[in-house]
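These notes are about the structure you will find just below.
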Amino acid sequence: MISNESTSPIASKPSLQRDPKEKIKLHKTTASTWMINAVAISLILITLYTLTHLNTENVKMTEAFHGLMMTFDQMFLHPNTGADGFMVLLESLGISVLLGILTTIIGAVFGFFFAVIASRNLTNAYWGAGIRALMAIIRAIPTILWALIFSIAVGLGPTAAILGLSFHSVAYLTKAYSESIEEIDPAIIDALKVTGCKFWTIVFQAVWPTIIPSLVSWTFIRLEINFANAVAVGAAAGAGGIGYQLFVTSGLSFDFHEVGYIVYMVIVVTMILEFIAVKLRQHYLGK
Amino acid sequence: MKQPKITAASYLGKKRLVQSGVLALVAVIYAIGCFILQFDTIQGALSIPKAFSWLAVNFMPTQNSMTYLPQIMAKLLDTVLMSIASVVVAAVIAIFFAILGSKVTGINKFMQILVRGIASFFRNIPLVAWAMILLFSFKQSNFTGFLALLLMTIGFLIRAFMEIIEDEAGEAMMALKATGASYFQVIFQAVIPQIIPSLISWILYMIENNVRDATLVGILTGTGIGFIFDIYYKSFRFDAAGMTVLAIIIVVIALETLSNQIRKVIL
Numbered sequence: 108m109i110s111n112e113s114t115s116p117i118a119s120k121p122s123l124q125r126d127p128k129e130k131i132k133l134h135k136t137t138a139s140t141w142m143i144n145a146v147a148i149s150l151i152l153i154t155l156y157t158l159t160h161l162n163t164e165n166v167k168m169t170e171a172f173h174g175l176m177m178t179f180d181q182m183f184l185h186p187n188t189g190a191d192g193f194m195v196l197l198e199s200l201g202i203s204v205l206l207g208i209l210t211t212i213i214g215a216v217f218g219f220f221f222a223v224i225a226s227r228n229l230t231n232a233y234w235g236a237g238i239r240a241l242m243a244i245i246r247a248i249p250t251i252l253w254a255l256i257f258s259i260a261v262g263l264g265p266t267a268a269i270l271g272l273s274f275h276s277v278a279y280l281t282k283a284y285s286e287s288i289e290e291i292d293p294a295i296i297d298a299l300k301v302t303g304c305k306f307w308t309i310v311f312q313a314v315w316p317t318i319i320p321s322l323v324s325w326t327f328i329r330l331e332i333n334f335a336n337a338v339a340v341g342a343a344a345g346a347g348g349i350g351y352q353l354f355v356t357s358g359l360s361f362d363f364h365e366v367g368y369i370v371y372m373v374i375v376v377t378m379i380l381e382f383i384a385v386k387l388r389q390h391y392l393g394k
Numbered sequence: 630m631k632q633p634k635i636t637a638a639s640y641l642g643k644k645r646l647v648q649s650g651v652l653a654l655v656a657v658i659y660a661i662g663c664f665i666l667q668f669d670t671i672q673g674a675l676s677i678p679k680a681f682s683w684l685a686v687n688f689m690p691t692q693n694s695m696t697y698l699p700q701i702m703a704k705l706l707d708t709v710l711m712s713i714a715s716v717v718v719a720a721v722i723a724i725f726f727a728i729l730g731s732k733v734t735g736i737n738k739f740m741q742i743l744v745r746g747i748a749s750f751f752r753n754i755p756l757v758a759w760a761m762i763l764l765f766s767f768k769q770s771n772f773t774g775f776l777a778l779l780l781m782t783i784g785f786l787i788r789a790f791m792e793i794i795e796d797e798a799g800e801a802m803m804a805l806k807a808t809g810a811s812y813f814q815v816i817f818q819a820v821i822p823q824i825i826p827s828l829i830s831w832i833l834y835m836i837e838n839n840v841r842d843a844t845l846v847g848i849l850t851g852t853g854i855g856f857i858f859d860i861y862y863k864s865f866r867f868d869a870a871g872m873t874v875l876a877i878i879i880v881v882i883a884l885e886t887l888s889n890q891i892r893k894v895i896l
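Quick note, the sequences are listed as chains A and B, same order.
Counting in my numbering, the first sequence runs from 108 upward without gaps.
Counting in my numbering, the second sequence runs from 630 upward without gaps.
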């Protein structure tokens with residue numbers, strides 16, 4: 108599927124009289140094409156190795172796929188609210204949505220302040236490098252592990268889930284915001300600096316208004332991610348919400364009709380969030 | 630107030646009012662959320678230092694936890710390989726659908742809407758649901774984890790690839806079409822060579838992302854690094870769990886650095 112041709116077909120330097128035997132060079136090998144080929148080939152080799160050595164525990168594939176189709180049929184074509192009833196599911200869904208919103212707000216507030224400190228064009232390099240390294244480490248740990256770690260440290264419940272989800276949000280938004288801040292035209296900051304403005308005046312009068320569009324759009328992207336993570340944390344860390352219902356119905360009571368219903372509910376919420384994000388982006392870009 | 634003329638002061642005042650309103654709304658939502666979820670912000674903030682000092686004592690890998698290292702590394706390698714395989718297979722499927730469904734290369738309107746719908750559907754089904762459904766049919770095996778990651782990744786990559794094609798391939802396509810090239814010539818000689826650097830960049834990003842997501846899938850389906858963390862965690866071998874977290878950090882950051890270097894060369 109992936110062709111190995113060059114991205115930039117550069118013809119050889121034109122001369123008026125060409126040797127008829129010499130072929131026209133259609134593809135020039137640059138560092139870029141070399142790297143693309145190397146990456147593509149190694150990825151394909153790794154994939155082939157992995158797929159041929161994949162441990163399937165001797166599950167009979169045709170039977171398993173047949174079973175999967177039956178599960179899909181139960182889920183998507185015959186969904187119902189099962190033993191829990193609509194109100195219980197709606198309440199759990201609300202909890203997951205709230206978890207997503209709360210952690211996004213926490214992430215946005217702290218993310219903004221850390222981003223200001225971490226941006227190369229606002230503060231000195233040492234602070235920036237320190238914050239960026241710390242955030243890279245926090246981001247490297249999956250959200251679910253943060254939630255699990257906090258659930259033993261502060262006890263199982265909403266506090267652990269909120270703290271766990273917030274950690275990743277703060278780190279993610281710090282990176283996103285500080286990239287937006289670093290793209291600001293330096294003239295704007297310089298203009299305020301020469302008038303003798305204090306640091307936070309520059310931040311709130313120049314930086315903040317300039318990056319509001321990207322701030323809003325990154326925050327809503329994070330809200331979508333946080334909702335998905337809230338579902339995941341509910342399932343794997345038992346933190347409640349629709350994820351927990353999903354885990355119980357699909358892993359313990361095997362009621363796939365209800366699983367289907369829950370999945371549809373989650374899809375509706377994510378589609379609404381996506382719709383809001385798209386509209387907001389259009390609103391700010393249209394200005 | 631009734632002056633029709635907009636002065637700078639009134640404009641800025643109105644803008645400030647709107648901004649303050651939005652911030653107040655956010656604060657109210659936060660307060661309501663805290664009330665419903667029974668989350669005490671101050672208590673929560675105070676528990677962070679407590680949690681970290683607890684972590685520093687209990688999660689710190691000791692001499693003893695070195696004995697777990699070979700097991701951890703083997704599972705981590707498994708997880709990374711699985712992530713790579715799932716992304717590459719997903720990319721092959723996704724590029725096919727993206728070409729069928731994008732606005733510039735798409736066959737017809739119906740196909741575009743269909744592909745968009747499928748991609749959105751696959752993307753929005755929670756990873757938890759995929760993992761649990763597949764676990765039911767395919768039992769506890771690496772193949773289950775692979776499939777869960779694959780299905781999720783396909784949805785993401787179709788959307789990403791479609792956007793890349795629409796952004797980057799339009800002009801090169803038009804140029805080749807003008808020469809009278811056929812549809813497949815246009816696809817293979819213009820579209821794919823044009824988008825391949827961005828394609829690889831996205832593939833690398835998804836690999837990083839899937840290593841992280843594989844932890845979640847692993848906890849649910851009992852495979853890879855997530856499974857081993859779960860075992861250590863549930864049997865209170867916190868030093869080994871800490872060791873696992875440390876190994877994940879190192880591998881994820883190494884992958885991130887490597888892909889950033891590759892990106893610098895190809896883009």
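Note that beta-carbon positions come from the ideal geometry of N, C-alpha and C, so glycine has one too.
Being a predicted model, the structure only gives us computed values, none of them experimental.
{"Item": "Out of B:THR691, B:GLN672, B:ALA720 and B:MET695, point me to the one whose CA is closest to ILE824 of chain B's CA.", "Value": "B:ALA720"}
{"Item": "Less than 6 Å between C-beta atoms, sequence neighbours within five positions excluded: which residues of the same chain meet that for GLY851 of chain B?", "Value": "GLN769"}
{"Item": "If you measure from the beta carbon of SER639 of chain B to each beta carbon in chain A, is any gap under 8 Å?", "Value": "no"}
{"Item": "Go ahead and label VAL686 of chain B buried or exposed: buried means 16 or more other beta carbons lie within 10 angstroms of its beta carbon, across all protein chains shown.", "Value": "exposed"}
{"Item": "Please confirm if ASN162 of chain A has its CB atom under 8 Å from at least one CB of chain B.", "Value": "yes"}
{"Item": "For LEU330 of chain A, would you say it is in contact with chain B, using Cβ-to-Cβ distances shorter than 8 Å as the test?", "Value": "no"}
{"Item": "Using alpha carbons as the reference points, say which of B:LYS732, B:PHE725 and B:ALA656 lies closest to ILE821 of chain B.", "Value": "B:PHE725"}
{"Item": "Ignore the nearest five residues each way along the sequence and tell me which others in ALA748 of chain B's own chain have a CB closer than 6 Å to its CB.", "Value": "GLY784, ILE787 and ARG788"}
{"Item": "To test your reading of the DSSP string, which unbroken alpha helix (DSSP H) runs of 4 or more residues are found completely within the segment 845-876 of chain B?", "Value": "853-863"}
{"Item": "Do the CB positions of ALA254 of chain A and TRP683 of chain B come within less than 8 Å of each other?", "Value": "no"}
{"Item": "Going by Cα to Cα distance, which pick from A:SER199, A:LEU330 and A:GLY367 is closest to GLY345 of chain A?", "Value": "A:SER199"}
{"Item": "Quick one: does ALA685 of chain B have its CB under 8 Å from some CB of chain A?", "Value": "no"}
{"Item": "Can you give me the C-alpha to C-alpha distance between GLN181 of chain A and PHE363 of chain A, rounded to a whole angstrom?", "Value": "6 Å"}
{"Item": "Are the segment 809-820 of chain B and the segment 210-226 of chain A touching, with three or more C-beta to C-beta distances below 8 Å?", "Value": "no"}
{"Item": "For GLY192 of chain A, does the three-state DSSP call read helix, strand or coil?", "Value": "coil"}
{"Item": "Between which residues of its own chain and LEU896 of chain B is the CB-CB distance below 8 Å, once the five residues before and five after are set aside?", "Value": "PRO826, SER827 and SER830"}
{"Item": "Just to make sure I have the definition right: I need the residues of chain B whose C-beta is within less than 7 Å of the C-beta of LEU71 of chain A. Which are they?", "Value": "With chain A covering 108 to 394 only, the question about residue 71 of chain A has no answer from this structure."}
{"Item": "Please compile the residues from chain B whose C-beta is within a distance smaller than 8 Å of the C-beta of ALA373 of chain A.", "Value": "It should be noted that the sequence gives Val, not Ala, for residue 373 of chain A. Here the neighbours are ASN753, ILE754, PRO755 and ALA758."}
{"Item": "State yes or no: is the beta carbon of GLU112 of chain A nearer than 8 Å to at least one beta carbon in chain B?", "Value": "Only weak support exists for where GLU112 of chain A lies, its pLDDT of 47 falling under 50; the value from the coordinates is given anyway. At least one chain B Cβ lies under 8 Å of GLU112 of chain A."}
{"Item": "Three or more C-beta pairs under 8 Å: does that hold for the segment 155-172 of chain A against the segment 699-713 of chain B?", "Value": "yes"}
{"Item": "Could you check whether the Cβ of SER285 of chain A sits closer than 8 Å to any Cβ belonging to chain B?", "Value": "no"}
{"Item": "Going by DSSP in three states, LEU729 of chain B sits in which element: helix, strand or coil?", "Value": "helix"}
{"Item": "With a cut-off of 8 Å, does the C-beta of ARG841 of chain B fall near any C-beta of chain A?", "Value": "yes"}
{"Item": "Taking contact to mean 3 or more Cβ pairs, one atom from each stretch, closer than 8 Å, check whether the segment 672-682 of chain B and the segment 258-272 of chain A are in contact.", "Value": "yes"}
{"Item": "Return the CA-CA distance between GLU797 of chain B and GLY735 of chain B, expressed in angstroms with no decimal places.", "Value": "15 Å"}
{"Item": "In terms of alpha-carbon separation, which member of A:ILE296, A:GLY350 and A:LEU322 lies closest to GLN312 of chain A?", "Value": "A:ILE296"}
{"Item": "Give the secondary structure of ASP292 of chain A by DSSP, where H, G and I count as helix, E and B as strand, and everything else as coil.", "Value": "coil"}
{"Item": "Between the Cα of PRO293 of chain A and the Cα atoms of A:TYR284, A:VAL370, A:ILE309 and A:ALA283, which residue gives the shortest distance?", "Value": "A:ILE309"}
{"Item": "Going along the chain, which unbroken runs of the alpha helix (DSSP H) with 4 or more residues stay wholly within the segment 315-388 of chain A?", "Value": "315-343 and 349-358"}
{"Item": "If I measure Cβ to Cβ from ILE224 of chain A and keep anything under 6 Å in the same chain, skipping five residues before and after, which residues do I get?", "Value": "THR230, TRP234 and ILE238"}
{"Item": "Tell me, to the nearest whole angstrom, how far the beta carbon of THR317 of chain A is from that of PHE221 of chain A; I am working on the premise that it is less than 8 Å.", "Value": "Not a contact, Cβ separation roughly 18 Å."}
{"Item": "Could you confirm whether any beta carbon from chain B is found closer than 8 Å to the beta carbon of MET194 of chain A?", "Value": "no"}
{"Item": "Rounded to whole angstroms, what's the CA-CA distance from VAL426 of chain A to MET803 of chain B? Just pull it up for me.", "Value": "For chain A, the structure presents residues 108 to 394; residue 426 of chain A sits outside this window and is missing."}
{"Item": "Do the CB positions of ILE369 of chain A and GLN352 of chain A come within less than 8 Å of each other?", "Value": "yes"}
{"Item": "Measure how close the beta-carbons of ILE836 of chain B and LEU884 of chain B come, nearest whole angstrom, since I'm counting them as under 8 Å.", "Value": "7 Å"}
{"Item": "If you follow the alpha helix (DSSP H) that GLY235 of chain A is in, where does it begin and where does it stop?", "Value": "232-247"}
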